[in-house]
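**Student:** My questions all concern the structure below.
Numbering (the numbering used here), first residue to last: -17 to 587.
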C-alpha cells in the first residue's frame, strides 16, 4: 500500500506542473476547474483570486484619498460661504443694518467666511510637494491637478475668492504640476497634455508665471527630451484653436521659438505670424537687443516698420532699439526716441526724447515736435486744430517751449473753455489740461511777487504743476509690457522717462519765467481773465454739484486767482473776486467755511 502524499509533496508536484504550462493553458485550466466546482466553491475561488490581486498592488498613497475627499466635499458645497442674498435674509437689508453697524451685537452676529478649509488645502498642497520632491511624479500629478482645479470651480459662494484665500505659492505649485505632467506623459502626447492642463488652469495665476522655463526650474533634474519636445510644442501652440487662451499660447510660443532657435526662431515667427500678433515683431527685436546685436536690431526694426500697420507696436519696437543703442553710447538714441514719439505720441515718450537729446539740441527738438503736433497754420500763430491734436500733450510741449498764448488758444478751442472737463477734478492732468494751463496763466500774469512768495496758494499750484509733469507713468507708453522678457516695464524705460520728465518740468518753469517777462500789460490782463473764467467754471461744477469733498480744493484755486490780482498791485480786485463767488452761493455754509480757511492761509489776505 502506497503512502499518502503529504501536502508538501502535492504543492511541489503542482508547482513543477505549473512550470511546464503556458499562460494560456493555465488560464484554461483555472476556468475549467471553476466550471466543475459547486457554486459555493466557485465563489470562494473568485474571492481568493480577488484577494491575491489586491495584495499584489501597492496601496494608494493617503494623499490621493485625502485630496479626493477634499475635492468631493468642496463640490458638494461644504465650504460654500453663502451669497450676499443669504446675508440679507439673515441680517436684513442694508437699510436695516446700517443704523447699528457699530453695535457690538451686530459684529457678534456677523458671519465671517469659513476659512477652515484653507488650512486643509494648504496641508494637502504641502503633502503633494513632499511627494513631488521624493520623485513620485505620477502621484504628485494626481494630487496637484484636482487641488488646483478645485480653486477655479464654483464651490465657494460669493464671499470668498479661494485663490487669494490660501497661503500657497500657486505659481510654484502650478509649475510643479506641469513638470509632473511633462515627466509622466510619453513624448508623442506630451505637448497636447501640457496644453490641456495650462488651458484648464489659465485663470488660476497670471499668465507670465506659466512658462517652459518655470517647468524646467521646478526640479533640479534636467528636463528630458527637450530638443525633441520643442518642435512638437511649437506645432501644438501654433495650431491652438482656443481663442480665449490665445494670448497665453502666443507668449509660450515666443518662449519656445527663442529657446529652440534664438533670434532666428523669433524672426521666422514674426515673418510668418506677425500680422496676427504684432508682439512677435517686438519679441524678435528684443531678443536681438538682449543678445547685444545692435546693428541687427536696427535692421529688424526697419523691417518691422515696413511690415506693421499697428502704430503702438511700431513705436514700441523703436523704443526697444533706442534703449539698446543708448546702452552702448549716446549716438543715435535721440533720433530713435523722436521716431517713436512721432509714430505714437505720448507724454512718456516726450520725456524719453528729453532724456536722450543733448541740451544744445533740445530746444530745436521740442519746438519741432510742438509745431508738428499743432499743425502749423491753423488758428492764431499756428496754434493748432484741436480736432486733430492731443491737447494735453501739446499743451505740455508748448509750455515747455514758452508758448503760453498758443497753449491757451488750443485749450480754449478744444472745449467750451479752459475749464472743460471739470467734472473729473483738477487733482491731476491726465484727464484734461486745466491743472497745467491755469497755474501757468495765473503765474505769468504776475508782474511781481511778494517776499512771502513760497507761502502763496498760487505757489502751491505751481508746485503741483511740477509734480504732475514729473510723473510720466500717468500717461504711459502705449506698450509697457515686453512680450519676450515679460517685464511690465523694460529695464531702463521707467528710469529714463522719469529723468526726462524732470527735464520737461524744469523747462516749463524756465519757459514760464521767460514768457512772463516779455508780456505786455494787455496780455497779462487777458491771461488773468482766461484763468479766472476757468476757475469760476470749476467752482460752479463743485458747489452747484454739492461735491463737498472738493470744496477745499476749489476754494484754494479761487484764492490763488485772487493772489494773482494782488501780485499785480490790485488786491481789491482779488478780494472782490472772492466776495462775488461767496455771494453767489449764500446757502452753502460748508463752502463758505472752506473759503474762509483758504483766505486765512494766504499771506496776501
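Beta carbons are placed, not taken as given, at the ideal position from N, Cα and C, and that holds for glycine.
Fair warning: this is a prediction, and the values are worked out from it, not measured in the lab.
Can you name the start and end residues of the alpha helix (DSSP H) that residue 353 belongs to?
**Tutor:** By one-based count along the chain shown, residue 353 stands at place 371. Per DSSP, residue 353 belongs to the alpha helix (DSSP H) from 341 to 355.
**Student:** What are the uninterrupted segments assigned as alpha helix (DSSP H) that are 4 or more residues long and contained completely in the segment 492 to 544, given in chain order?
**Tutor:** List check, alpha helix (DSSP H) in window: 503 to 526.
**Student:** Taking three-plus beta-carbon pairs below 8 Å as touching, is the segment 527 to 536 in contact with the segment 425 to 445?
**Tutor:** No, because fewer than three Cβ pairs between the segment 527 to 536 and the segment 425 to 445 fall closer than 8 Å, the two stretches do not touch.
**Student:** Would the segment 509 to 526 count as touching the segment 344 to 356 if we require 3 or more Cβ pairs under 8 Å?
**Tutor:** Touching, no.
**Student:** Tell me, to the nearest whole angstrom, how far the beta carbon of residue 339 is from that of residue 316; I am working on the premise that it is less than 8 Å.
**Tutor:** As a working note, residue 339 is residue 357 in the chain shown. As a working note, residue 316 is residue 334 in the chain shown. Confirmed, about 4 Å.
**Student:** In terms of residues, what are the limits of the alpha helix (DSSP H) holding residue 52?
**Tutor:** If you number the chain shown from 1, residue 52 lands on position 70. Start and end: 44 to 57.
**Student:** Between which two residues does the alpha helix (DSSP H) containing residue 223 stretch?
**Tutor:** Taking the first residue of the chain shown as 1, we reach residue 223 at position 241. It is not in any alpha helix (DSSP H) - residue 223 carries neither H nor E in the DSSP assignment.
**Student:** Got a sec? Which residues, its chain only, sit under 6 Å from residue 184 by beta carbon, not counting five neighbours each side?
**Tutor:** As a working note, residue 184 is residue 202 in the chain shown. Cβ neighbours of residue 184 beyond the five flanking positions: 227 and 230.
**Student:** If we call anything under 7 Å between Cβ atoms a contact, is residue 584 one with residue 439?
**Tutor:** Against the chain shown, residue 584 aligns to sequence position 602. Against the chain shown, residue 439 aligns to sequence position 457. The answer is yes: Cβ separation under 7 Å.
**Student:** With residue 318 and residue 351 assumed to form a contact (beta carbons below 8 Å), what rounded beta-carbon distance in angstroms separates them?
**Tutor:** Numbered from its first residue, the chain shown carries residue 318 at position 336. Numbered from its first residue, the chain shown carries residue 351 at position 369. With 8 Å as the limit, residue 318 and residue 351 do not qualify as a contact, their Cβ atoms being about 14 Å apart.
**Student:** Below 6 Å CB to CB, which residues in the same chain sit around residue 547 once its five sequence neighbours on both sides are set aside?
**Tutor:** Position 565 of the chain shown, counted from the first residue, corresponds to residue 547. Correct list, in chain order: 555 and 556.
**Student:** Is the segment 474 to 483 touching the segment 513 to 525 in the sense that three or more CB pairs, one from each, lie closer than 8 Å?
**Tutor:** These segments do not touch.
**Student:** Pull up the CB-CB distance for residue 132 and residue 104, whole angstroms please, since I reckon it's below 8 Å.
**Tutor:** For the purposes of this step, residue 132 is taken as the residue at position 150 of the chain shown. For the purposes of this step, residue 104 is taken as the residue at position 122 of the chain shown. Contact flag wrong, Cβ pair sits at about 13 Å.
**Student:** Quick one, which of 302, 260 and 293 has its alpha-carbon nearest residue 275's?
**Tutor:** As a first step, residue 275 is located in the chain shown; it is residue number 293 there, counting from the start. Selected option, being the one with the closest Cα: 302.
**Student:** To the nearest angstrom, how far is it from the Cα of residue 2 to the Cα of residue -8?
**Tutor:** Counted from its first residue, the chain shown places residue 2 at position 20. Counted from its first residue, the chain shown places residue -8 at position 10. C-alpha separation (whole angstroms): 16 Å.
**Student:** Should residue 269 go down as buried or exposed, given a rule of 16 or more other Cβ atoms within 10 Å for buried?
**Tutor:** Residue 269 sits at position 287 when you count from the first residue of the chain shown. It counts as buried.
**Student:** Measure the CB-CB distance between residue 334 and residue 478 and report whether it falls below 7 Å.
**Tutor:** Walking along the chain shown from the start, residue 334 turns up at place 352. Walking along the chain shown from the start, residue 478 turns up at place 496. Closer than 7 Å, so yes.
**Student:** Applying the 10 Å Cβ sphere with the 16-neighbour rule, what's the burial state of residue 266?
**Tutor:** As a first step, residue 266 must be located in the chain shown, where it is residue number 284. Classification for residue 266: buried.
**Student:** If I follow the unbroken alpha helix (DSSP H) through residue 570, where does it start and stop?
**Tutor:** Here the question's residue 570 lines up with position 588 in the chain shown. Segment: none, residue 570 is in no alpha helix (DSSP H) and carries neither H nor E.
**Student:** CB-CB under 7 Å to residue 162, same chain, minus the five flanking residues each way: which ones, in chain order?
**Tutor:** Along the chain shown, one-based indexing puts residue 162 at 180. Excluding sequence neighbours, residue 162 sits near 114, 119, 122, 123 and 126.
**Student:** For the alpha helix (DSSP H) containing residue 200, name the first residue and the last one.
**Tutor:** Residue mapping note: residue 200 aligns to position 218 of the chain shown, counting from 1. Premise fails: residue 200 is in no alpha helix (DSSP H) and is neither H nor E.
**Student:** Please state whether DSSP places residue 143 in a helix, a strand or coil.
**Tutor:** To locate residue 143, count along the chain shown from 1; it is residue 161. Coil, per DSSP.
**Student:** Would you kindly report the start and end of the unbroken alpha helix (DSSP H) that includes residue 267?
**Tutor:** Walking along the chain shown from the start, residue 267 turns up at place 285. Counting along the chain, the alpha helix (DSSP H) containing residue 267 begins and ends at 261 to 272.
**Student:** In chain order, what residues of the same chain have a beta carbon less than 7 Å from the beta carbon of residue 259, not counting five sequence neighbours either side?
**Tutor:** Here residue 259 refers to the residue found at position 277 when the chain shown is read from its first residue. Around residue 259: 232.
**Student:** Can you tell me which of the three DSSP states residue 313 falls into?
**Tutor:** The residue given as residue 313 occupies position 331 in the chain shown. It is coil, neither helix nor strand.
**Student:** Residue 167: which of 284, 193, 145 and 207 sits nearest, CA to CA?
**Tutor:** Residue numbering aside, residue 167 sits at position 185 when the chain shown is read from its first letter. It is 207.
**Student:** Exposed or buried, residue 517, counting other C-beta atoms within 10 Å across all chains shown (16 or more means buried)?
**Tutor:** For the purposes of this step, residue 517 is taken as the residue at position 535 of the chain shown. Under this definition residue 517 is a buried residue.
**Student:** Roughly how many whole angstroms lie between the Cα atoms of residue 493 and residue 442?
**Tutor:** The count along the chain shown starts at 1 and reaches residue 493 at position 511. The count along the chain shown starts at 1 and reaches residue 442 at position 460. Taking the straight line from one Cα to the other gives about 18 Å.
**Student:** Give the C-beta separation of residue 235 and residue 251 to the nearest angstrom, bearing in mind that I take them to be a contact with Cβ-Cβ under 8 Å.
**Tutor:** Position 253 of the chain shown, counting from 1, holds the residue named residue 235. Position 269 of the chain shown, counting from 1, holds the residue named residue 251. Going by Cβ atoms, the distance from residue 235 to residue 251 rounds to 7 Å, so yes, they are a contact pair.
**Student:** Helix, strand or coil: which one does DSSP assign to residue -6?
**Tutor:** The sequence position of residue -6 within the chain shown is 12, counting from 1. Helix, per DSSP.
**Student:** Could you pull out every residue in the same chain whose Cβ sits closer than 8 Å to the Cβ of residue 383, ignoring the five residues on either side in sequence?
**Tutor:** To locate residue 383, count along the chain shown from 1; it is residue 401. Hits under 8 Å: 345, 348, 349, 352, 489 and 493.
**Student:** Pick helix, strand or coil for residue 452, following the three-state DSSP scheme.
**Tutor:** One-based indexing of the chain shown puts residue 452 at position 470. In this structure, residue 452 counts as coil in the three-state DSSP scheme.
**Student:** Which one of 6, 211 and 218 has the shortest CA to CA distance from residue 174?
**Tutor:** The count along the chain shown starts at 1 and reaches residue 174 at position 192. Nearest C-alpha to residue 174: 218.
**Student:** By the DSSP assignment, the alpha helix (DSSP H) with residue 167 in it spans what residues?
**Tutor:** Walking along the chain shown from the start, residue 167 turns up at place 185. Residue 167 -> no alpha helix (DSSP H), and no H or E assigned at all.
**Student:** Identify whether residue 31 lies in helix, strand or coil by the three-state DSSP scheme.
**Tutor:** The residue given as residue 31 occupies position 49 in the chain shown. Here residue 31 sits in helix by DSSP.
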